[in-house]
Structures are given as structure tokens and as C-alpha cells.
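Our numbering puts the first residue of the sequence shown at 1, with every later residue one more than the last. Ideal Cβ placement from N, Cα and C applies to all residues, glycine included. Everything numeric in this text was worked out from a predicted model, so none of it was measured. Take a look at the structure set out below.
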Amino acid sequence: MTFRPDLRVFVDGGVDQVYRAGDIVKGSVLLSLPGGGKIKNLTVNFIGGCTTKTTRPFYISGNDADACHPRRDYEQRIQYFRFEQTLARDTSIATEKHSWTFEFKFPELTEGSKSRWTYGTKYLKDPHPLPPSFNVSTNAPNGQAEVSYTIHANLQCIGSYTAAKKASASVTKTSTPLRYLPSARSIAHEPRLRTRILYHQTWKPTKGSRTAVDKFVTKVVGRDPGADNITTPRVVPTIHYPEKSAPGQHIPILLSFTKVGGGNQPDCVLDSLNISISTYTTSICGQPSTQPEDTMVKHVKCISKEGLNQHLSFSEATNLTSNFRLVDDAQCVPTFRTYTVTRRYTMTATIGLRIQNQPFIIKSTTPLEILPRIPVSDLQSQEVNLEDEIDPLPLYEPREPSKEFAPDYETLYSLSPTPSTSYSLALTDTRSVSSVSGMSTPSTAPTTPASELDQLAYEQSLGSDSDLGDLMRPRIST
Numbered sequence: 001m002t003f004r005p006d007l008r009v010f011v012d013g014g015v016d017q018v019y020r021a022g023d024i025v026k027g028s029v030l031l032s033l034p035g036g037g038k039i040k041n042l043t044v045n046f047i048g049g050c051t052t053k054t055t056r057p058f059y060i061s062g063n064d065a066d067a068c069h070p071r072r073d074y075e076q077r078i079q080y081f082r083f084e085q086t087l088a089r090d091t092s093i094a095t096e097k098h099s100w101t102f103e104f105k106f107p108e109l110t111e112g113s114k115s116r117w118t119y120g121t122k123y124l125k126d127p128h129p130l131p132p133s134f135n136v137s138t139n140a141p142n143g144q145a146e147v148s149y150t151i152h153a154n155l156q157c158i159g160s161y162t163a164a165k166k167a168s169a170s171v172t173k174t175s176t177p178l179r180y181l182p183s184a185r186s187i188a189h190e191p192r193l194r195t196r197i198l199y200h201q202t203w204k205p206t207k208g209s210r211t212a213v214d215k216f217v218t219k220v221v222g223r224d225p226g227a228d229n230i231t232t233p234r235v236v237p238t239i240h241y242p243e244k245s246a247p248g249q250h251i252p253i254l255l256s257f258t259k260v261g262g263g264n265q266p267d268c269v270l271d272s273l274n275i276s277i278s279t280y281t282t283s284i285c286g287q288p289s290t291q292p293e294d295t296m297v298k299h300v301k302c303i304s305k306e307g308l309n310q311h312l313s314f315s316e317a318t319n320l321t322s323n324f325r326l327v328d329d330a331q332c333v334p335t336f337r338t339y340t341v342t343r344r345y346t347m348t349a350t351i352g353l354r355i356q357n358q359p360f361i362i363k364s365t366t367p368l369e370i371l372p373r374i375p376v377s378d379l380q381s382q383e384v385n386l387e388d389e390i391d392p393l394p395l396y397e398p399r400e401p402s403k404e405f406a407p408d409y410e411t412l413y414s415l416s417p418t419p420s421t422s423y424s425l426a427l428t429d430t431r432s433v434s435s436v437s438g439m440s441t442p443s444t445a446p447t448t449p450a451s452e453l454d455q456l457a458y459e460q461s462l463g464s465d466s467d468l469g470d471l472m473r474p475r476i477s478t
């Protein structure tokens, strides 16, 4: 009885590990060969590429040879990169189980260029950043578009399993897929808004809603009722939207108005709001002469609100969304373009209004680029970098006072006494207490030092009235 070799590939971190450009892929290859044997060649390959498949009707009326094949199959494989490591060659193993380790690094760009006229102008031809892992079924029978990154292990051995086959080397293959997402570089915490003025959706009052004064002025002036005049206002809507957003980020959508023409400002009420995101996926394969292309379109309604009855202001923009975020799932794949597969998104906002009691609908479709989710580790590193940029103040260290400091009040006036007025000769002293009852703290009012009061001397002399000022002026004795 013979046993087939058991070849397995294990990747550190498991199959749920998400890799980015420059990350290291580490793992091991485990071989179980009962009874031992000889390994002719054992290799492990790290391969990335895209695969597209589709079918087209093939049967032609009157051709019986094609009746058994109603559809023709098309398939194309393009390789982004390929790295190979040889783990064992011409080696005999006696043990039943053996393992080898491997290590690869995710590249940042694809390898090689493709002809633009072969794949069309909407697809890339030059080396570009690796697209994310992707797999979707197209609308054609047996149609598929896939971007994959896998670890392949190939074994050629001669052992008990091949003894009955005249010692011919048997080939055993196994593979393990890897999840890849592009690096989230220079993604702002808050998305930047773009402005689109919807001139082609300008609101104009209908003929039945015109006031009597407007009709009278129009009749007197002799202008066309449908033409612009100074008494008929126009409302031009403007929508503010983001062009890029990552899963988990809030998607703000704002609406503002501009009144054109004369007359009073019309009353505007928000009635309903509907927002949907459309997904467009294209894949192409086949020979240059055929190039069958599949296009898949999917619409997902994200917000649907009716009966809002919210009055809108003309002085500032109105925020239509709150906590509107993308969910990080299999459908929310970052926008990308590669050699034979593209993925893009659009966002459509349908806004129902009542202007002057007239129903009015605004519809706007804008492109939306979905970015990769920012990893938690990158968010923490950004916060650390922001803290590093701030130069902290030095810690307070108490020190003894020195002569370099300015002298206090008493020292200043004891060193250089100056003349004082008669109003400063009150009975005040630094040892006096506050006049407020119950308080014993020294007074904070300016006082004259006792040393200066001791030096004051009065000179009394007789003289005329003009000398009265000199009699009352204090003098400093020397």
C-alpha cells in the first residue's frame, strides 16, 4: 500500500493577514512523506497577477460543426511579478515529516509593460502600483475578473508513492492566497470638498405661481412673462461633495443656494433625500482581434429619507448628511486600474425641494474615489508624529535668588530716597494691618518707609505769602 505525499503551506499571521507594499511574507512548507524518499525538487513561488474569463455566442446558423459548442470561452492571465525560492533539490529524507521556511517581500510596482492598442486606452500599460485583491463574477456566463496574490509550493519526489510507477517523479502542488491592500498614503482625516454649481438646474417660478404685482409690472413694461425681469427671482443650487473617501470616514454632502434677480427671497423647504453609490467594473480578455469586454454595474441605495419638511437658509450651506460612512467589506474595494480590470464608483444625490410651494428636484452624479482604509497602527503613528513636532517647555526647576534680580520696593527707596509730598506723610507703616475687620494681612497700598520719615525735617521761617509754598515743602537733610 502506497501513500501520497502531503504538502502544505503555512503563512505567519494566518489567511486573514492583510499585507501592503513592502511588507514581508514569512511562512513554512510542511511535507509529510510516509516511509521517506528522495526529493528531486521542492520550490516555493510568490506570484501576483490578474485573470479574466468570459464567453461569447459561437453558433452560426447552418454550421452543424458548431452546434455542440454554443459559446466560445475566452481567458487571459497577466502576471505582475514572480519570485521563486528553491527549498530542496536532490535530497533524501528519512524522517516522515520535514519543514522548510521561506520569506518574500511585496513589491510596490508591477513588472513589465503592455501594449496600449492591445488592451484599450481605459486600461494601464505601464508599471503601476499593485491593485488590491479582487474577485467578482461578471454578467456573462462563466465570466470572472480576479486579482490574486498566492504562495505556490511544487514538489517533485521519488519515494514509496512512486515505486509502483517505475520510479518516475511525481508532482504535488499546493497554494495559499494572500490578502493585499494598497498603502494608505497622505489620507486626510477629513475629506476635502469640491463645489459644483448646477446652472442647468436653476429654479424658475411657473406661470401660475407669479404674483399679481409681477403680472402687472410685466404687462406694463411689455416684457415676455417667461423672460428674466427684476421682480422674478431665480434660485441656483450648489452642491458640495468629496471626491475621495476611505472606509470609516464621514462623507459630508452640503447644499447651498444663490438668489439671482430681484424680488423677495423665496421660501425653500427640504422634502426628501436619496443618496446611492454605483459600482462600475470592467474586464477585457482575448486576442487583439476580438477583445470581448464585460461591464458590471451595481447600484446601492445608502440614504432614503422622506417627509423631512426642513426649512433651508440662503445665508449658509445646509449639511444633508450626518455620520455617513462607507463599510469596509468585500464590496468596498479601493478604486483601481490595471492591465485588464478596472473598478470605479460614482455617487448620486437626489434632493426633493419645495420652493414657493412648488415641487423641485435636484439630481447630481459625481465621481467618488474610494481609498484604502487607514490602519490603526498608522493612525497611532500619526498622533505620535504630531506630538513629536511640538517642542515641550522645560520642566520648572526652583533656584536660589541672585543679585541679578530687580531689588524689592524697600531696598529701592532706601538706596535712593526721593522727595515726598505732604499727602504722603500719613501715619502708614509696613507693619500696619488692614482696616477690614477680621483680617490681619499687611496693607497692599503704597507706603513710605520708616527710614525716610526719620530723615524728613521741616524748616519754619517767616516770610511773605509767596514763600508760603516753601514753608510747607519738606526738605531732605543732608
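Please say whether residue j and residue i have beta carbons closer to each other than 9 Å?
{"i": "Gln76", "j": "Gly112", "result": "no"}
{"i": "Ser28", "j": "Leu7", "result": "no"}
{"i": "Gly307", "j": "Asp271", "result": "yes"}
{"i": "Leu273", "j": "Leu312", "result": "no"}
{"i": "Leu124", "j": "Ala88", "result": "no"}
{"i": "Thr282", "j": "Gln144", "result": "no"}
{"i": "Pro247", "j": "Arg344", "result": "no"}
{"i": "Cys285", "j": "Tyr74", "result": "yes"}
{"i": "Gln149", "j": "Ile47", "result": "The sequence given here has Tyr at residue 149, not Gln. Cβ atoms of Tyr149 and Ile47: closer than 9 Å."}
{"i": "Leu130", "j": "Ala21", "result": "yes"}
{"i": "Ser322", "j": "Ile239", "result": "no"}
{"i": "Ser245", "j": "Glu369", "result": "yes"}
{"i": "Ile151", "j": "Val11", "result": "yes"}
{"i": "Phe314", "j": "Phe360", "result": "no"}
{"i": "Ile24", "j": "Glu84", "result": "no"}
{"i": "Leu155", "j": "Thr176", "result": "no"}
{"i": "Asn319", "j": "Ile253", "result": "yes"}
{"i": "Thr110", "j": "Ile39", "result": "no"}
{"i": "Pro5", "j": "Cys157", "result": "yes"}
{"i": "Thr338", "j": "Pro367", "result": "no"}
{"i": "Thr138", "j": "Met296", "result": "yes"}
{"i": "Thr342", "j": "Lys122", "result": "yes"}
{"i": "Pro127", "j": "Val147", "result": "no"}
{"i": "Ala140", "j": "Pro334", "result": "no"}
With residue i as the anchor, note down where its beta strand (DSSP E) starts and where it stops.
{"i": "Ser304", "result": "293 to 305"}
{"i": "Gly352", "result": "341 to 355"}
{"i": "Gly262", "result": "Premise fails: Gly262 is in no beta strand (DSSP E) and is neither H nor E."}
{"i": "Lys26", "result": "24 to 32"}
{"i": "Phe10", "result": "6 to 11"}
{"i": "Asn139", "result": "Where Asn139 is concerned, there is no enclosing beta strand (DSSP E), given that its DSSP letter is neither H nor E."}
{"i": "Cys268", "result": "268 to 284"}
{"i": "Gly363", "result": "For the sequence presented, residue 363 should be read as Lys rather than Gly. Unbroken beta strand (DSSP E) run through Lys363: 358 to 370."}
Sort out for me which residues DSSP pairs residue i with in a bridge.
{"i": "Val18", "result": "Arg179"}
{"i": "Arg194", "result": "Tyr241"}
{"i": "Thr86", "result": "Thr43"}
{"i": "His152", "result": "Asn45, Ser175"}
{"i": "Tyr74", "result": "Thr54"}
{"i": "Val236", "result": "Thr258"}
{"i": "Asn319", "result": "Leu254"}
{"i": "Arg325", "result": "His250"}
{"i": "Ala145", "result": "Thr52, Val136"}
{"i": "Gln310", "result": "Leu270"}
{"i": "His200", "result": "BP columns for His200 are empty, so no partner."}
{"i": "Arg337", "result": "Thr342"}
{"i": "Thr98", "result": "According to the sequence shown, residue 98 is His rather than Thr. Per DSSP, Leu31."}
{"i": "Gln79", "result": "Gly49"}
Closer than 8 Å: is that where the CB of residue i sits relative to any heavy atom of the ligand FMN?
{"i": "Gln201", "result": "As for the ligand FMN, it is missing from this structure, which has no ligand bound."}
Hey, which unbroken runs of the alpha helix (DSSP H) at 4 residues or more fall wholly within the stretch 101 to 133? 116 to 119
task = Decide if the stretch 349 to 369 is in contact with the stretch 235 to 252; the criterion is three or more beta carbon pairs, one per stretch, under 8 Å apart.
result = yes
**Asked** Can at least three beta-carbon pairs, one atom from the stretch 172 to 181 and one from the stretch 93 to 102, be found at a separation below 8 Å?
**Response** no
For the stretch 188 to 196 and the stretch 244 to 262, state whether three or more C-beta atom pairs, one from each stretch, are separated by less than 8 Å.
yes
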